[in-house]
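Heads up: the sequence lines are chains A and B, in that order. Sequential numbering of the first sequence, starting at 1, is according to the working numbering. Sequential numbering of the second sequence, starting at 1001, is according to the working numbering. As structure tokens, the structure follows; a few thoughts come after it.
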Amino acid sequence: MKIEKTLIDFIDEALGNLDEGTSILFVCDSLTLNDTITLCGLIIVNFIKQGGGCIVANTSLPFSMIYVDIKSRSMMEELPFIEKGAEEGRCYYIDIASEEAFQEDLSNFKGVIKINNDPNRIIYEILFLGDEIKKSFPDAPVMVWYNNFSSSIIDFGSESVLKMFRKLSTSAKQKGYLITGLVNRDLHDPRIINTLMHFADFVVELSSEEKGGVKQPYVRVLKSPILEPNVTNLQQRYAYTLSGTNFSTIPSLAPVFDKLKRNISYLERGEVSIYNMEYLITPLNTFLLLLKELEKNLGINEYNEFAKNFGKTVGLEITNFFRSKYSLQGNELLKEAINYLLIRGWGRLIEKVGSLELGRLKISSFQTFAYNYGKSDHKVCAIFEGIVSGVLEGVTGNKWTCRETKCMATGDELCEFEAKVEK
Amino acid sequence: MKIRNTGIEFVDQSLGALYDGLPMIFSADSTTANDAQKLGSLIALNILEKGGGCVLIYENLPFSLAVNETLYFHSPENKLTLEKAMNEGRLHYLNIVIEDAVSTLHFNHSEFINTVANDPDRIMYEILNAKNQIRKNFSDIPILILQTNISSLAVDFGSKAALNTIRKVILNVKSGRDFFLGILNREMQEPNVTNSFTHLADYVLEFGIDILGGKKQPYVSVNRTPLLKDIGRKLYKKFAYELSEDNFYTIPSLPTSFEELKESISYLERGEITAHDTNYIITGMRDFVHLLKEVEKKLGKSEYTKTIKTVGRSIGSHIAKALSSQFQPTTEELFKAALNHLSITGWGKFNILEGNTNSKRIRVEGFSVFAANYGESDHPVCVLEEGILQGILEELTSLNWTCIEKECIAKGDKPCKFELELVENH
């Protein structure tokens, strides 16, 4: 039996196949630690779903906490696979931060092993449980997830933990296990991180950078397996989104914004000018207050109609501007018109399915307006529906309708718009 | 018995809920360490008020000083809460700085003020002992262990021993239904030691100082939220804050010059533009004028004026609040700073022609970029600016004002002129 993929696109594209004996290290900082734990958790759950065996050694999270997290991430479909794996003796959880009493509904959960926090005991338990799994499931590949090396370094010192990882990764190569571990780089001397990376075959880094007082998380591959030629640009950083069970990367638009930013200038009459046009740099709150007040005044239906019509004229103006100034057509014109909006603070297009030629498009996007709107019982992006239909009409010359099918203000992870050409 | 919130809105929003076994760390610098301690004390008081238990360890303050300076802020209500909890045996204080026993006598049950030798194993033992004592009488209440200066532990015993002690305390807390809160001065250790402390916690708040326009601005940001919740992610940014006797709240901050705005404005890959922890939109003035013209057409002049003025007043109020949080200048200086803010964000340049915030009438003139882009009109068009100016003044003076645009560039006047008048209460 072979399990070749983690089912996380970014990892699979960079890693190629999950070969036996591969050791994977996730390096993170303090801010991205939770994301890294979640990402590793998703990889393990996907591995179990595909029939693999797993051993999770957790230094800081009691089992009940992980269990609640799995439930809260809408992983109800996955839960029976985990329970079945534990029942069959294919999945084990080594609980080092063991708790006095399980929550009531966890008291019968099999596969949770509570042990003392001792490096030799941990290694022994991992290898022993690996052998146990192999006895019952000789064909099943086994993945070990060590979460996390940083806490163990605090407990036992770096030398002991480096030896632990060395032992684990060599044992993995002998026995054909896969090893996944994570370390918080903010805690350690760079030499320790480099040594851990040296032992690993594949290293992924999650890090954050402060921008304008806000922290932006990034992911990149730092090291790929020696036999794997897939990764050509190791230093490429991607912003990512992680919500529920979805981990996806977003190509950078920052250079386009940086160009816009360089061209912002201030004229002494109090005008803010970009490319010789006057602009307002106003808090998003200005639009939230204005459009909410308008919605209250007109009622939802009339407001939606107004906002769609207004958005449509804006969409048409944007495309007319790019067509006349840069002589753009078709997909190029669509791309520039969308980028124009995306670097002005309204949000980000995450996924586009369909095409102009098909006359049908589905757009998933992060909408700052909806994200900051507050909880709503109805979809709130009518103005964007109008802008999308206006841009598409401007690009193709045909009339389009656009309908918001999911909205962040009503609790969806992203806003989703379906546009189709009118017949 | 469950206690699910700290009573501090900012913490509760970013934390989600207090849950069994929760470890928290507040990481501060030397300037903000006292604020972090006070916030920790407020949380402890709120938990005691809700019937919970507390074990307090103030590494540098004897009980008599801690109780006056940081625990009840000289507030009689807070003192009552402390006395009640101590009388019931829900509050234990580990006194590491030994003091004359006389100073603790004004509390009836001073047996719960335990003098402890400054030794990591002894402190650990006393914490567990105090917890057990509380548990004997209150088996089902959550207990907060508050260590207000874990950096001092590192000074006394070395960072490794301090880390091991805190790790043990946290593992102990995780195995039960209690909470841990440690306050850390990150300037006293190497960054990797500070990061090791924060690594141990599920929820981390960072306190610090930013220099804005040459002035110091304290901020707070959420550096870690529990794995189970994504709700804190929205708050992974810096907030200016205010700390009062019984509350802690955050306030938006604003850039004070165009250069500062341009420098700090940044693009986040989810499509957000931020500067100074606020989301911004960069919008063409023509598009904005177009939007308001359409709104006016839709609502009619009277309803449009009413609606847009309401919006303007809210915007003005936000501007004034944000500026007030940054500096402590006079109301007059704040009014000028607010006009300057309008200018650097593209609304146009406005000056005070006559009057001041102490007079009953103020005249403001300015080049309104909105009016300049509006096209010809037979009536003044700067309704939003009227509302903004009114909102700024109302927020700054806590009095009611009116604002009317008397002359407008869109009508052919140069420049726009606004008259603000105090509404007298009869």
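Where is the CB? At the ideal position from N, CA and C, for every residue including glycine.
To the nearest angstrom, how far is it from the Cα of residue i to the Cα of residue j?
| i | j | result |
| --- | --- | --- |
| Tyr266(A) | Asn1340(B) | 13 Å |
| Met65(A) | Asn148(A) | 15 Å |
| Val1155(B) | Cys28(A) | 28 Å |
| Met1086(B) | Ser1041(B) | 15 Å |
| Leu7(A) | Leu1205(B) | 34 Å |
| Thr59(A) | Ile96(A) | 5 Å |
| Gly176(A) | Cys40(A) | 19 Å |
| Glu1088(B) | Ile1143(B) | 14 Å |
| Arg1177(B) | Thr241(A) | 32 Å |
| Lys375(A) | Thr410(A) | 6 Å |
| Thr1357(B) | Trp1347(B) | 22 Å |
| Asn301(A) | Leu1299(B) | 15 Å |
| Gly89(A) | Tyr67(A) | 17 Å |
| Gly1232(B) | Thr1345(B) | Below a pLDDT of 50, predicted positions are generally treated as unreliable, and Gly1232(B), at 45, falls in that range; the measurement from the model is reported next regardless. Roughly 29 Å separates the two Cα atoms. |
| Ile123(A) | Lys1168(B) | 21 Å |
| Ile948(B) | Tyr1219(B) | Summary: the structure shown does not reach residue 948(B), with chain B confined to residues 1001 through 1426, and so no result is reported for it. |
| Ile1282(B) | Cys1403(B) | 27 Å |
| Tyr1241(B) | Ala1162(B) | 30 Å |
Can you have a look at residue i and say buried or exposed, based on whether 16 or more other CB atoms are within 10 angstroms of its CB?
| i | result |
| --- | --- |
| His378(A) | exposed |
| Phe128(A) | exposed |
| Leu18(A) | buried |
| Leu196(A) | buried |
| Lys1002(B) | exposed |
| Ala419(A) | buried |
| Ser1359(B) | exposed |
| Asn194(A) | exposed |
| Val1102(B) | No answer about Val1102(B) holds up, because its pLDDT of 45 lies below 50 and its placement is not dependable. |
| Thr1256(B) | buried |
| Gly1158(B) | exposed |
| Gln174(A) | exposed |
| Gly330(A) | exposed |
| Gly111(A) | buried |
In chain A, which residues lie less than 7 Å from residue i when you measure between Cβ atoms?
| i | result |
| --- | --- |
| Asn1291(B) | Reading off the sequence, residue 1291(B) comes out as Leu, not Asn. Within 7 Å Cβ-Cβ: Phe310. |
| Ile1315(B) | Thr286, Leu289 |
| Lys1079(B) | Those do not exist, as Lys1079(B) stays about 35 Å from chain A at its closest Cβ, beyond 7 Å. |
| His1318(B) | Asn285 |
Which residue wins for smallest C-alpha separation from residue i, given the options the options?
| i | options | result |
| --- | --- | --- |
| Arg1122(B) | Cys1054(B), Ile1096(B), Asp1378(B), Asn1195(B) | Ile1096(B) |
| Lys1414(B) | Arg1004(B), Leu1045(B), Phe1367(B) | Phe1367(B) |
| Asn276(A) | Leu260(A), Leu291(A), Pro283(A), Asp155(A) | Leu260(A) |
| Pro119(A) | Lys167(A), Lys134(A), Val183(A) | Lys167(A) |
| Asn1034(B) | Gly1052(B), Leu1243(B), Ser1221(B) | Leu1243(B) |
| Leu1039(B) | Gly1182(B), Phe1258(B), Pro1023(B), Thr1307(B) | Gly1182(B) |
| Tyr371(A) | Gly1312(B), Glu1376(B), Gly1053(B), Gly1271(B) | Gly1271(B) |
| Met76(A) | Gly181(A), Val45(A), Leu178(A), Gly390(A) | Val45(A) |
| Gly1375(B) | Lys1411(B), Tyr1280(B), Gln1013(B), Ser1302(B) | Lys1411(B) |
| Leu1018(B) | Phe1010(B), Asn1005(B), Ile1025(B) | Asn1005(B) |
| Pro217(A) | Asp35(A), Trp400(A), Cys407(A) | Asp35(A) |
| Pro1120(B) | Trp1401(B), Asp1246(B), Asp1378(B), Gln1147(B) | Gln1147(B) |
| Arg348(A) | Leu361(A), Gly390(A), Leu316(A), Thr368(A) | Thr368(A) |
| Pro1226(B) | Glu1009(B), Ser1014(B), Ile1008(B) | Ser1014(B) |
| Val1311(B) | Asp1287(B), Leu1268(B), Ser1324(B), Leu1384(B) | Leu1384(B) |
| Ala1028(B) | Asn1046(B), Thr1081(B), Pro1191(B), Ile1047(B) | Pro1191(B) |
| Leu182(A) | Glu416(A), Ala57(A), Glu209(A), Thr286(A) | Ala57(A) |
Please compile the residues from chain B whose C-beta is within a distance smaller than 8 Å of the C-beta of residue i.
| i | result |
| --- | --- |
| His188(A) | Asn1192 |
| Pro62(A) | Gly1021, Lys1174, Ser1175 |
| Ser252(A) | Glu1269 |
| Arg344(A) | Ile1273, Ile1281, Ile1282, Thr1283 |
Identify the contact partners of residue i in chain A, using a Cβ-Cβ distance below 9 Å as the criterion.
| i | result |
| --- | --- |
| Met1285(B) | Glu271, Val272, Met277, Glu278, Tyr279, Leu280 |
List the residues of chain B that residue i touches, going by C-beta distances under 9 Å, in chain order.
| i | result |
| --- | --- |
| Gly347(A) | Arg1270, Gly1271, Glu1272 |
| Ala97(A) | Gly1021, Ile1170, Leu1171, Lys1174, Ser1175 |
Can you name the residues of chain A whose CB is closer than 8 Å to the CB of residue i?
| i | result |
| --- | --- |
| Glu1261(B) | The sequence shown places Leu at residue 1261(B), rather than the Glu named in the question. Under the 8 Å cutoff, chain A gives Ile281. |
| His1199(B) | Ser30, Leu33, Ser150, Ser151, Ile154, Asn184, Asp186, Leu187 |
Can you list, in chain order, the residues of the region 132 to 151 of chain A whose Cβ is nearer than 8 Å to any Cβ on chain B?
Ser150, Ser151
Contact list for the region 154 to 170 of chain A against chain B, Cβ threshold 9 Å
Ile154, Asp155, Gly157
In chain order, what residues of the region 10 to 44 of chain A put their CB closer than 8 Å to some CB of chain B?
Ser30, Leu31, Leu33, Asn34, Ile37, Thr38
Mind checking the region 1345 to 1377 of chain B against chain A and listing, in chain order, the residues whose C-beta falls within less than 9 Å of any C-beta there?
Those would be Thr1345, Gly1346, Trp1347, Gly1348, Lys1349, Phe1350, Gly1366, Phe1367, Ser1368, Val1369, Phe1370, Ala1372, Asn1373, in chain order.
Short-range partners of chain B found in the region 256 to 271 of chain A, where Cβ spacing is below 8 Å
Phe257, Asp258, Leu260, Lys261, Ile264, Tyr266, Glu268, Arg269, Gly270, Glu271
Chain B contacts made by the region 358 to 384 of chain A, where a contact means CB separation under 7 Å
Phe366, Thr368, Asn372
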